[in-house]
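Step one of this worksheet: look at the structure below.
Number of protein chains: 2
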Amino acid sequence: MKFGIDVGGTTVKIGVVEANRIIDKYEIPTIKETLFEDISSFLKDYISKNSIQNIEGIGFGLPGNVVNNYIYNLPNIGIKDIDLTKEMDKHFPGVLVIAQNDANVAALGEMLYHNEYKNACMITLGTGVGCGIVLNGKVLEGVHGAAGEVGHMCIAGEYNFSCACGLKGCLETVASATGVVRLAKYHYKEYETKLASEFTAKDVFDLAKQKDPLCLFVVDKVAYYIAKCISILGITVDVDVYYIGGGVSKAGDILIDAIKKHYKTLALFAVKNVKIEQATLLNDAGMLGAAGLIIKDEQ
Amino acid sequence: MKFGIDVGGTTVKIGVVEANRIIDKYEIPTIKETLFEDISSFLKDYISKNSIQNIEGIGFGLPGNVVNNYIYNLPNIGIKDIDLTKEMDKHFPGVLVIAQNDANVAALGEMLYHNEYKNACMITLGTGVGCGIVLNGKVLEGVHGAAGEVGHMCIAGEYNFSCACGLKGCLETVASATGVVRLAKYHYKEYETKLASEFTAKDVFDLAKQKDPLCLFVVDKVAYYIAKCISILGITVDVDVYYIGGGVSKAGDILIDAIKKHYKTLALFAVKNVKIEQATLLNDAGMLGAAGLIIKDEQ
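Here the protein sequences line up with chains A and B, keeping their order. Read left to right, the first sequence gives residues 87 to 385 (the working numbering). Read left to right, the second sequence gives residues 87 to 385 (the working numbering).
Structure, rendered in C-alpha cells:
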C-alpha cells in the first residue's frame, strides 16, 4: 500500500493506492505553516484506524521546482528550501518518500491509469503550460528539474509575446488559458466574431464549436503550436503517446483533432504514428502518479 | 573485456575496451555482403590469439535506424532489415550484443571518456546533424529510435530551407557542413567577403577567424540555431553537458563561444548554467561508446 499526495494551492489530495488503483481518497486544506505536519498527522491517523502494518512509501506531487526531493520553491503556497526527505523522516523514519513536480506526477498517473504504454508525455494546458515525461515507466526529472518545461519552448516567434519567464515566444504565451485569450484579442479585429469584449478560453472553444470565424482561427493556431511542440518532443524523447490535459483540454475533440491534423504535417516521418489523446484522469492523476513514484529499483 | 564496433561507410573500427578505456584498436573494410561475418571472424581470431576466456559483450554503433537491435536501414552501406541479435548469435551464441545508432553511441563514448557527468547530449555537426542523448549513463533510444534526431528540429523558419527529410526549416539545413555553405551562399551578396564562388564549411570558419564580414555573420547564425536547439534540449531532457562534435565542430572556439553567447539569451533561467564544450574524442568515441552499451542491468 502506498500513499499518493497531490499538494495544491488550496487543498491537499491524499490517495491510498494499491496495484495502481486509488482505493480511498481524502482532502485536507493546504496550510503553508503546517503543511507536512498536517499531512503526516492525517496519514498516521489513517494508518492507525485501519491497522495498516506496512506501507511501501509516500509519493508527493508538488506545484513547483523539486529536484531529488529538495523543494526549491512552491510559489503558489509560499514554501521554499525544504529537504523533504529530512522533513518526512521526522514523522515516518525509514519510509521511502519521493517527490516530483505536479506536471511530472500527473503524466505518470495518466500513464499508469491507461496501463498501455511505458513511454508517455502529458502536456497540461492550464494557467500555464506544463509537461511531464515518463520514460520506461519512470518520470524524467532532469538535472535541474526542468525536463518537460515545454511551456517555455520558444516556438511562437510569429507573435513573440513576452512570457513571465523572461523569454519571448514561449508556447505558454499562446497555448495556456491566458494564451488562448491573448491570441483571440490579438486577432480580434481581423475576423468576424460573437465574442464579447471580455471572454475566457472556454468561450473561445465554445464559439469555435459554433463555427465562429475568429474562434476557429484561434483554435487552429493554438493546436498548431501544441502540435509543433509534440513534433519536437518526438525527436527528443520519442514516446508512444501524448496526453493533453488541463483546463484547456476540456475543449475536447475540436482541439485534439486540430492538433492531430497539424502534427501530421510537422512530424518527422519516423514518429508520425504516435497517439495524441485527451487526458482522462483529471483530478485523480496527481494522487495516482504520486503513489506511482514509489517503485523499487528492480527495474 | 568488451568489444566496441563502430561501423562506418568505408571502414569498421573495432575497439577492445576495458574499464571504459580502449586498450587495442583495429580497422577492417566495410563490405556490405559479409559485414557481420567479417566482424565475427576478426573477433574470433582476436579472442583465440589472445587466449581471451570471457567477453562481457559486443556493442555496435551503426549509421542508421536501429531499434531494440533490429536494423531497419543503414542507407550509406545498403543494409536493411536485419535482426542483429539473431545474426550475431550464429557466431557468438549467448554473448550480449547491443546496437545503437552512431550518434547515440558517440554521445555515450564522449560521456564515458570525460567520466564527469551521467547526463549528456552530443550534437554532431557533419554532413547532417545528429544528436545522442545519455540519461543516467544510458543512451535514450526512443520508442521509434528517433530520440535525439534534432537535425530535424524545425527551428530555422526564418529561412525555411527544404530538408531531405521532407520538412522545412530543419536545424540540419543551416547547421550541417552543407548548411553552413548554404547560409553563406544565401547571404553572399549582402556582406563583403573573401570567399571564392565555390567553398566549404571549413573555408567559412577559417575566414571568420580572419574577421571576414560574411563569414562572421554566418558563423553567428549557425551558432544561434545550435544554441536554440540546446535551449530546447534543456527543457526537454535537461542534462548537465552538451558536447559539440563532428567535422563542423573542428572550427573550435569561434563556434563554441558564439553558441554559449546565444545560449545565455535563449535558455530558460533554470538551465542557464550548463556546460557547452567541443567534443574531444573524435574518432574513438564510436568504439568507446559502442562498448559502453554493454552494461548489466544492475543499475
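Think of the CB as a built atom: it goes at the ideal place given N, C-alpha and C, for glycine as much as any other residue. Just so we're clear, the structure is a prediction, and the values are computed from it rather than from any experiment.
Three-state secondary structure assigned by DSSP to residue i
i, result
"C207 of chain A", "strand"
"P115 of chain B", "strand"
"V304 of chain B", "helix"
"T259 of chain A", "helix"
"L226 of chain A", "coil"
"C249 of chain B", "coil"
"N155 of chain A", "coil"
"I77 of chain B", "What the structure shows of chain B is the stretch from 87 to 385, and residue 77 of chain B is not part of that stretch, so it cannot be assessed."
"Y349 of chain A", "helix"
"D169 of chain B", "strand"
"I125 of chain B", "helix"
"V334 of chain A", "helix"
"V191 of chain B", "helix"
"E196 of chain A", "helix"
"V267 of chain A", "helix"
"K358 of chain A", "coil"
"L160 of chain A", "strand"
"I381 of chain B", "coil"
"L367 of chain B", "coil"
"L374 of chain B", "helix"
"L319 of chain A", "helix"
"Y329 of chain B", "strand"
"T120 of chain A", "helix"
"I133 of chain A", "helix"
"Y274 of chain B", "coil"
For residue i: DSSP bridge partner residues
i, result
"D289 of chain A", "None; D289 of chain A has no bridge partner."
"A185 of chain A", "A:F146"
"V102 of chain A", "A:F89 and A:D110"
"G216 of chain B", "B:T210"
"T97 of chain A", "A:P115"
"C240 of chain B", "B:C256"
"L221 of chain B", "B:K224"
Contact list for residue i against chain A, beta-carbon separation under 9 Å
i, result
"D324 of chain B", "L226, E227, G228, V229, H230, G231, A232, A233, G234 and E235"
"N205 of chain B", "G228 and V229"
"I318 of chain B", "V236, M239, C240, I241, I318 and T322"
Rounded distance between the beta-carbons of residue j and residue i, thought under 8 Å
i, j, result
"I114 of chain A", "V98 of chain A", "5 Å"
"V327 of chain B", "T322 of chain A", "In fact, because the Cβ distance is near 16 Å, the residues do not count as touching under 8 Å."
"A242 of chain B", "V260 of chain B", "5 Å"
"M239 of chain A", "L257 of chain A", "5 Å"
"V304 of chain A", "G212 of chain A", "In fact, because the Cβ distance is near 17 Å, the residues do not count as touching under 8 Å."
"I118 of chain A", "I163 of chain A", "Note that residue 118 of chain A is Lys in the sequence shown, not Ile. Indeed they touch by this definition, with Cβ atoms about 6 Å apart."
"K88 of chain A", "A377 of chain A", "4 Å"
C-alpha distance - residue i paired with residue j, whole-angstrom precision
i, j, result
"E202 of chain B", "I157 of chain A", "25 Å"
"D131 of chain B", "C301 of chain B", "51 Å"
"N222 of chain A", "K224 of chain B", "12 Å"
"G90 of chain B", "D324 of chain B", "28 Å"
"G375 of chain A", "Y349 of chain A", "27 Å"
"I109 of chain B", "T366 of chain B", "18 Å"
"A189 of chain B", "M373 of chain B", "12 Å"
"E196 of chain A", "A270 of chain B", "48 Å"
"G94 of chain A", "P149 of chain A", "7 Å"
"N205 of chain B", "L281 of chain A", "48 Å"
"G228 of chain B", "L194 of chain A", "17 Å"
"I141 of chain A", "Q186 of chain A", "19 Å"
"T264 of chain B", "Y329 of chain B", "20 Å"
"I391 of chain B", "A356 of chain A", "Residue 391 of chain B lies beyond the stretch modelled for chain B, which goes from 87 to 385, so this question has no answer here."
"M174 of chain A", "V215 of chain A", "30 Å"
"K336 of chain A", "D306 of chain A", "16 Å"
"E284 of chain A", "E244 of chain A", "24 Å"
"E384 of chain A", "I342 of chain A", "Residue placement at E384 of chain A is poorly supported in this model, since its pLDDT is 40, which falls under 50; the coordinates are not used for a value here."
"L354 of chain A", "C251 of chain B", "7 Å"
"V183 of chain A", "E104 of chain A", "16 Å"
"K166 of chain A", "T116 of chain A", "15 Å"
"K295 of chain A", "D289 of chain A", "10 Å"
"S126 of chain A", "I100 of chain A", "11 Å"
"N39 of chain B", "N151 of chain B", "An answer regarding residue 39 of chain B cannot be provided, because it is not within the stretch 87 to 385 covered by chain B."
"V267 of chain B", "V308 of chain B", "11 Å"
"Y208 of chain A", "T120 of chain A", "Correcting the residue type first, residue 208 of chain A is Met in the shown sequence and not Tyr. Going from the Cα of M208 of chain A to the Cα of T120 of chain A covers about 31 Å."
CB contact below 8 Å: residue i versus chain D
i, result
"H238 of chain B", "Judged by its chain identifiers, the structure shown contains no chain D, and its protein chains are A and B."
Proximal residues of chain A, C-beta to C-beta of residue i below 8 Å
i, result
"V429 of chain B", "Because chain B in this structure spans residues 87 to 385, residue 429 of chain B falls outside the shown range and cannot be described."
Amino acids of chain A, ordered along the chain, whose beta-carbon sits closer than 7 Å to that of residue i
i, result
"V357 of chain B", "H230 and A232"
"G252 of chain B", "F355"
Beta-carbon neighbours of residue i, restricted to chain B and to distances below 9 Å
i, result
"G216 of chain A", "Near G216 of chain A there are no residues of chain B at all, since even the closest Cβ is about 11 Å away, more than 9 Å."
Partners in chain B for residue i, counting only beta-carbon separations shorter than 7 Å
i, result
"I321 of chain A", "A232, E235, V236, H238 and M239"
Contact set between residue i and chain B, taken where Cβ atoms lie within less than 8 Å
i, result
"L352 of chain A", "C240 and L253"
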